[in-house]
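Step one of this worksheet: look at the structure below.
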């Protein structure tokens, strides 16, 4: 997905700027830009602008009111200053951005205008003077100045953080309240003022509030004094101070030692002895791996003004939130207001007591984010500078069991700026893009930092560039050798007769000696062993340990997923260690054979063609430790329900957790794995490339045993950026091309090829031309070609419900349109969807794409009547935008599935073999391309995916140009589908039953392909059709009944459509409920079922109810009674918004 969008929108930039440009005449523009509509303003206006609206189609009065409302809500008039501070006058924000872009400058908010006269104000009459003086003022400055100003602002905010805020709900348990008060005592000992905010329930009375306050006063006893109490409608604020103003701040005393042979007892009340219940012993007693994540960690900022308890894994933002220093980072505009956190340096520390000490002790951090120094008893052990690496720090002859451990992080934002400046100073050029677009509210130079790129912002992600120990931490005590990495990769031999088990051992050893290595596959009763001489910190690679008679692993829908446990062990004279992984046997091949024009791009698993059906995966949270096993389980359940077999792990996030890949192995979900590089150009100096080599090798060894990973892709969209010259620069693009090849070909490809033994295909970029890109020297002329490789397709202006607006490529690895998240999800962000508008400030704050918001409005206007003025709230547009997105994804996927194993002989296009929409999930609550929002609510598009990804589907391509509808059957079955019937029924909105039907017997549908069954005339006779593939003998459907709209949705109110009601509710096993719906009157368009405050999904939603009775199930992920479920269930149709 794109980070810097200039490439895809060159022809649309003028459109965006023109939307709110102030014109000097009232004459309507003849050419309708923005595809369907255009605004123009009259000159004579004072406070309320007037507009003439030009359109390709008839616009009703409500629509005109809505447009005026949009302009009124967004006061885009500003006052602009030049670089030297001189007035440039009053203009629209769009015009100011145009001026800034033309001068390669940026806009900096100065504040409001002041009382002064200028030449620009000379012609302003007295009535307008007061309004003009309230205009926001912006100044043109350079990108570097912008960064420096933001830096200074955030530093000031950080220095001003003094007061500690502790928030508690009046419903808190007594146990949790006591824990909170104990934390208050700790902070008071450090002479920090404390503010306790008590959040009351709306129905709570005065008596219960006073009782709760009395409870707090009792717990405080004489250790704290209440300085003041403030009451409001829903809050009570207590300001506390220490009863003794001379209380000394408690300090952790530490004594530096010259070496680790002498121990210092540093256990104090902030430290803890190790909890041996969390000790994970290896198979032997020679290596103990002790989890130190659960110890009593603390974190403080560098100047000591903030100190708090913390949890590991974690992030500094969530640490501060949990301790009451900041509000929920995902509320309101806190991604910007809390940015001071990212400009601080933070120190995590803990005291450790080991149960025993061996010859070597290794501190192991599986994830440090990002720039950190690890210190033991005051002595630095080493540094970290890559979030995508695990870091072991080994110490010999540590005799004492007790020590003090600290991890000091520096600001990644400031470090990124320093690295970029150093690179430019050393090599004479900058590496674009320097900064994200301003509307993303992000930070600069993310391409210089090996950190989750989206933490600096993206067009769907907030900027939370924090720090922290984001994965588990442990201590290993080692007597002989410890296995650091044990990696296996089964590879089919060239003749296809047996499997070679390629194995990697990476050990940490105290000394050199002969070791016995063994490998065992439990399920096969197979083992191998050999004795070798091993030295300190040595890597051993074993080749061709042949394995026969195995069961094959298949993607879901093609067979089973048998997994085998491979145990690796190493044994010395008086020690041993072992480690196991779960792997499987499967062979993947990317076939790129010559076609009429171009080449195919088709993946085969175990010799069988697999059509990739799925979506792109992005980080599921800005704070990755919050992606729990329960959330992952929900996602994989949702993937399977939607008949998907593939996810693409996109290159701007992270290499996902072990559990993520284990679930993919277990469920048969293929993983297209990007290496973590996306959209930006990257430095290619020796230090950076060496870091990349280490990262890629570590991650390949970590992940190579997973059968679900079927392809490595070196990056996302960098080849496309180079080919299409996305970024303006004074440096020759040949420089960036050379840097790119050093990164991708000389570094990433080389490491992958040497480490993974060609166990799966490798592609240089996505999109790319596959082997044609390689033949072109690594960068194709058109990486988005229909005739080669994969494509990324986005179109925000065309009518995406028209089949002929889509390309016909070999593989679509990205496409999509935006929609709004669920009502509950908006509420969790502090936005009330019943009162907010589509263009409200709090909504636009979360829209990071320059065209998507207007595109959502335009496209809904194109296909659906605009809602009534009194219903034009955000909640209405949630339904409309989700419905439009669902229809677009349905049209697109069915279009590309119809081209499976079909070729247009005249153009050479077709033979489509994959469709992965952008994107499955969200990182926060915001408008996006996802089908499951951050609140785990299925959007309507995900319900539609259940049908458009079904193994067997009847689908129609209706063209207004040809006046005909073509009916196809697509099948993913590996055998021919014989003796079936295709049925098409014809409906009108104002009639309860089908007005006509066609049944067409089909003798055979080819396996893994599509078949044109018949055609019929297409016109405005009917409003919609349903299509189904039936068993000819039983008449029962073999797949979903597919609904296809033939006309634009008319304006319908409740009197013109039928009614839907719930006539029965039953409880089923497995937390499921059965809902019986009954329709009366005409067919009902787009029924929207909701289960508020519940995580789960319906068996269908957003459907046109053509049946008189319909059974729907709801799968709940929490225990709930039937009566409570009835209270949460609601039904809405599209007629309810008119």
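In UniProt numbering, the protein residues as written are 1 to 1138. The beta-carbon is built from N, C-alpha and C at its ideal position, and this holds for glycine as well.
For the 8 Å Cβ check, are there 3 or more pairs between the stretch 553-572 and the stretch 663-670?
yes
Distance check for residue 660 and residue 823, CA to CA, integer angstroms please.
Here residue 823 refers to the residue found at position 823 when the chain shown is read from its first residue. Here residue 660 refers to the residue found at position 660 when the chain shown is read from its first residue. Distance between the alpha carbons of residue 823 and residue 660 is about 28 Å.
Residues of its chain near residue 609, where Cβ-Cβ distance is below 7 Å and the 5 sequence neighbours each way are ignored
Taking the first residue of the chain shown as position 1, residue 609 is located at position 609. Excluding its 5 nearest sequence neighbours in each direction, residue 609 has C-beta neighbours in its own chain below 7 Å: 602 and 1008, listed in chain order.
With three or more C-beta pairs closer than 8 Å as the rule, is the stretch 869-878 touching the stretch 918-932?
no
Taking the Cβ atom as the reference point for each residue, do residue 315 and residue 792 lie within a distance shorter than 9 Å?
Reading the chain shown from its first residue, position 315 is the one you call residue 315. Reading the chain shown from its first residue, position 792 is the one you call residue 792. No, the Cβ-Cβ distance between residue 315 and residue 792 is not below 9 Å.
Bridge partners for residue 383 per DSSP, in chain order?
Locating residue 383 in the chain shown gives position 383, where the first residue counts as 1. Looking at the DSSP assignment, residue 383 forms a beta bridge with 373.
Just how far apart, CA to CA, sit residue 1136 and residue 858?
Reading the chain shown from its first residue, position 1136 is the one you call residue 1136. Reading the chain shown from its first residue, position 858 is the one you call residue 858. In a straight line, the C-alpha of residue 1136 is about 21 Å away from that of residue 858.
I need the straight-line Cα distance from residue 705 to residue 691, nearest angstrom please.
As a working mapping, residue 705 is identified with position 705 in the chain shown. As a working mapping, residue 691 is identified with position 691 in the chain shown. Approximately 23 Å, taken between the alpha carbons.
Per the DSSP calculation, residue 582 is bridged to which residue(s)?
Taking the first residue of the chain shown as position 1, residue 582 is located at position 582. Partner(s): 565.
Go ahead and pull the three-state DSSP assignment for residue 198.
To locate residue 198, count along the chain shown from 1; it is residue 198. The answer is strand: DSSP assigns residue 198 an E or B state.
Distance check for residue 616 and residue 462, CA to CA, integer angstroms please.
Translated into positions along the chain shown, residue 462 becomes position 462. Translated into positions along the chain shown, residue 616 becomes position 616. So the alpha carbons of these two residues sit roughly 18 Å apart.
Beta-carbon proximity check, residue 457 vs residue 447, cutoff 9 Å
Along the chain shown, read from residue 1 onward, the residue named residue 457 stands at position 457. Along the chain shown, read from residue 1 onward, the residue named residue 447 stands at position 447. Cβ distance not < 9 Å, so residue 457 and residue 447 don't count as in contact.
Under the three-state DSSP convention, the category residue 138 falls into:
Along the chain shown, read from residue 1 onward, the residue named residue 138 stands at position 138. In the structure shown, residue 138 sits in a strand (DSSP, three-state: E or B).
Given residue 404 as reference, the closest of 350, 361 and 418 once Cα atoms are compared
Numbered from its first residue, the chain shown carries residue 404 at position 404. For the residues 350, 361 and 418, the minimum Cα distance to residue 404 belongs to 350.
Given that a residue counts as buried once 16 or more other Cβ atoms are within 10 Å of its Cβ, and exposed if not, what is residue 1134?
To locate residue 1134, count along the chain shown from 1; it is residue 1134. Buried: at least 16 other Cβ atoms inside 10 Å.
What are the partner residues of residue 672, as DSSP defines its beta bridges?
In the chain shown, the residue the question calls residue 672 occupies position 672. Its beta-bridge partners are 648 and 711.
Given residue 504 as reference, the closest of 542, 468, 483 and 520 once Cα atoms are compared:
Translated into the one-based positions of the chain shown, residue 504 becomes position 504. The candidate whose alpha carbon is nearest that of residue 504 is 542.
Using DSSP with H/G/I as helix, E/B as strand and the rest coil, what is residue 959?
As a first step, residue 959 must be located in the chain shown, where it is residue number 959. Residue state, collapsed to three classes: strand.
Euclidean distance between Cα positions of residue 1125 and residue 1091:
Position 1125 of the chain shown holds residue 1125. Position 1091 of the chain shown holds residue 1091. So the alpha carbons of these two residues sit roughly 7 Å apart.
Less than 8 Å separating the Cβ of residue 652 from some heavy atom of the ligand SAH?
Looking for the ligand SAH in the displayed structure turns up nothing, as the structure carries no ligands at all.
The alpha helix (DSSP H) spanning residue 629 covers which residue range?
Taking the chain shown and counting its residues from 1, one reaches residue 629 at position 629. Looking at the DSSP string, the run of the alpha helix (DSSP H) that includes residue 629 is 629-641.
What residue from 890, 747 and 549 has the CA that sits closest to residue 815's CA?
For the purposes of this step, residue 815 is taken as residue 815 along the chain shown, with counting starting at 1. With distances taken between Cα atoms, residue 815 lies closest to 890.
Secondary structure at residue 889, three-state DSSP: helix, strand or coil?
For this step, residue 889 is matched to residue 889 along the chain shown. Three-state result, residue 889: helix.
Strictly by DSSP, which residues pair up with residue 1044?
Counting from 1 along the chain shown, the entry for residue 1044 is found at position 1044. Beta-bridge pairing links residue 1044 to 1025.
Residue of 211, 207, 229 and 178 minimising C-alpha distance to residue 220:
Stepping through the chain shown from its first residue, residue 220 is reached at position 220. Nearest of 211, 207, 229 and 178 to residue 220, Cα basis: 178.
How would you write the range of the beta strand (DSSP E) that residue 826 sits in, first residue to last?
Counted from its first residue, the chain shown places residue 826 at position 826. Looking at the DSSP string, residue 826 is not in any beta strand (DSSP E); the run it does join, the alpha helix (DSSP H), is 823-828.
Grab the span of the alpha helix (DSSP H) containing residue 100 for me, first residue to last.
Indexing the chain shown from 1 puts residue 100 at position 100. Counting along the chain, the alpha helix (DSSP H) containing residue 100 begins and ends at 93-102.
With H, G and I counted as helix, E and B as strand and the rest as coil, what does DSSP make of residue 1152?
The structure shown does not extend to residue 1152, since the chain spans only 1 to 1138, so no value can be given for it.
Please determine, among 587, 1070, 429 and 838, the residue with the shortest C-alpha to C-alpha distance to residue 710.
Here the question's residue 710 lines up with position 710 in the chain shown. Of the candidates 587, 1070, 429 and 838, the one whose C-alpha sits nearest the C-alpha of residue 710 is 587.
Exposed unless 16 or more other CB atoms sit within 10 angstroms - verdict on residue 760
Along the chain shown, read from residue 1 onward, the residue named residue 760 stands at position 760. With 16 or more other Cβ atoms within 10 Å, it is buried.
Under 8 Å: do the stretch 384-403 and the stretch 363-373 share three or more Cβ pairs, one atom per stretch?
Note that the stretch 384-403 touches the stretch 363-373; at least 3 beta-carbon pairs, one per stretch, sit closer than 8 Å.
Range covered by the beta strand (DSSP E) that runs through residue 1097:
Position 1097 of the chain shown, counted from the start, is the residue given in the question as residue 1097. Per DSSP, residue 1097 belongs to the beta strand (DSSP E) from 1096-1098.
How long is the line joining the alpha carbons of residue 886 and residue 930, rounded to whole angstroms?
One-based indexing of the chain shown puts residue 886 at position 886. One-based indexing of the chain shown puts residue 930 at position 930. Looking at the two C-alpha atoms, the distance is approximately 11 Å.
For residue 696, which residues in the same chain have their Cβ closer than 7 Å to its Cβ, ignoring the five residues on either side in sequence?
Within the chain shown, numbered from 1, the residue matching residue 696 stands at position 696. Counting only Cβ-Cβ distances below 7 Å, and skipping sequence neighbours, we find 675, 748, 751 and 752.
Check residue 336 in the structure and name its three-state DSSP category.
Position 336 of the chain shown, counted from the start, is the residue given in the question as residue 336. Here residue 336 sits in helix by DSSP.
Uninterrupted alpha helix (DSSP H) stretches inside the stretch 467-512 (no shorter than 4 residues)
Counting whole runs of 4 or more residues, the stretch 467-512 contains no alpha helix (DSSP H) stretch at all.
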